[in-house]
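Residues are numbered in our numbering as their position in the sequence shown, beginning at 1, plus a constant of 2. All C-beta atoms, glycine included, are put in the ideal place defined by N, C-alpha and C. Quantities reported herein were computed from a predicted structural model and do not represent experimental measurements.
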Amino acid sequence: MLRLTHGGAVWLMVAVTLMWGTAGVITRHLAQAHSFEITFWRSLFTTLALLVILPLWRGRAVFSQIRHGGRELWISGACWTVMFTAFMVALTLASTASVLVTMALGPLLTALAARLFIGHRLPVRTWLAIVTAGLGIAWMYGTQLMQGGRGAAGAGVSLLGTLVALCVPLAGATNWTVVQHAHAKGHDIDLVPAVLIGAALSALFTLPFALPFQANAHDLGLLAFLGVFQLAIPCVLSVLCARVLKAPEVALLALLEVIFGIGLAWIGAGETPASSVLTGGALVIGALVFNELLALRGRRTAAADNVLPSAH
């Protein structure tokens, strides 16, 4: 079993976010595949890759975990299905920047879901972050809505894409709430088999909408890259990183996906982000960084306070 140092986990998580960030630029270079077909092929290639990776990593027992995982595992898998499907469809309707900024709301929506459904108390810093990020998203969406009202070409489609992208953090927050609720009842959910379930269901549900297939060999090669190197491998690696890094560290490092994704689409596909997205994104990312840095500082202070008495 690979044992990561803290520094190694940090750099591996950076590599993971770079792999995640390739989705936008790769999608822009597809020639013939359309929205649901893109989702189908990526999910199918992800499923095939995980069917090879998981037995090598976990052994064949991973399949029995799926069969006997219970209701919570399949609910988690359904949440992954929504995330996989909504993300790729959103990328075909809106800019990479607006999709990634919308997805960055995940940690704050998760904290809000924990407050509403599990009763977790939220510190003042998290409430402030939620309000600030909400203002950033409202600015981004409101600007697109105003452009649509003035008849700007493609503004309505872009707004639809960002709304579809909002399904990703909402499903992620639901997923985390289900996992925590199951943990409280003594039923831990293994997220790696849940990812496999999500990819398989995404491929199954999008197949009817993907027909007739239009992807050529060039498209299939790019979609295979997305399935294996943008999703399957980094998802497995992120699980390894999460065993070493604290939750605020993972949340902070995961924000690099937004930066990498926007940068790669800008450099590799000439997709210049709109000023409203940059402004709204700065508010969202700033709120997240502020919240997670204070959370990390709080944990370190608490750990130091626990150590001090034993030193005397």
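Item: Less than 6 Å between C-beta atoms, sequence neighbours within five positions excluded: which residues of the same chain meet that for A88?; Value: V166, C169 and V170
Item: Out of curiosity, what's the CA-to-CA distance linking V279 and T98?; Value: 10 Å
Item: Excluding the 5 residues flanking A155 on each side, which residues of the same chain have their C-beta closer than 7 Å to its C-beta?; Value: Any reading at A155 must be qualified, since the residue scores a pLDDT of 47, below 50, and its modelled position is unreliable; the value itself is stated next. Result list for A155: empty, nothing under 7 Å.
Item: Near S45, which residues of its chain fall below 6 Å by C-beta distance, leaving aside the five closest residues on each side in sequence?; Value: F86, A201, S204 and A205
Item: How about the region 175-182 and the region 46-65: do they share at least three Cβ pairs that are nearer than 8 Å?; Value: no
Item: Mind checking which residues open and close the alpha helix (DSSP H) that includes L124?; Value: Run containing L124: none; DSSP gives neither H nor E here.
Item: Do L257 and A106 have their C-beta atoms closer together than 9 Å?; Value: yes
Item: For I40, does the count of other Cβ atoms within 10 angstroms reach 16, so buried, or fall short, so exposed?; Value: buried
Item: Please check the pair S100 and G163, which I expect to be a contact at CB under 8 Å, by giving their CB distance rounded to whole angstroms.; Value: 7 Å
Item: Would the region 122-129 count as touching the region 55-73 if we require 3 or more Cβ pairs under 8 Å?; Value: no
Item: For W82 and G174, I'd like the C-alpha separation in whole angstroms.; Value: 8 Å
Item: When burial is assigned at 16 or more other CB atoms within 10 Å of the CB, is S240 buried or exposed?; Value: buried
Item: Please determine if the region 26-33 and the region 264-281 are in contact, where contact requires at least 3 C-beta pairs separated by less than 8 Å.; Value: yes
Item: Taking one C-beta from the region 125-143 and one from the region 282-291 each time, how about it: are there three or more such pairs within less than 8 Å?; Value: yes
Item: So V230 is in the alpha helix (DSSP H); what residue range does that whole segment cover?; Value: Unbroken run through V230: none, as it is neither H nor E.
Item: For R152, does the count of other Cβ atoms within 10 angstroms reach 16, so buried, or fall short, so exposed?; Value: Low local confidence applies: a pLDDT of 48 at R152 is under 50, so the model's placement there is unreliable, with the coordinate-based value given in what follows. The residue in question, R152, is exposed, as its Cβ has fewer than 16 Cβ neighbours within 10 Å.
Item: With 16 as the cutoff for other CB atoms within 10 Å, does T208 come out buried or exposed?; Value: buried
Item: Can you give me the C-alpha to C-alpha distance between D190 and E251, rounded to a whole angstrom?; Value: 22 Å
Item: With a threshold of 16 other CB atoms inside 10 Å of the CB of P195, please say whether the residue is buried or exposed.; Value: buried
Item: In three-state terms, what does DSSP make of N293?; Value: helix
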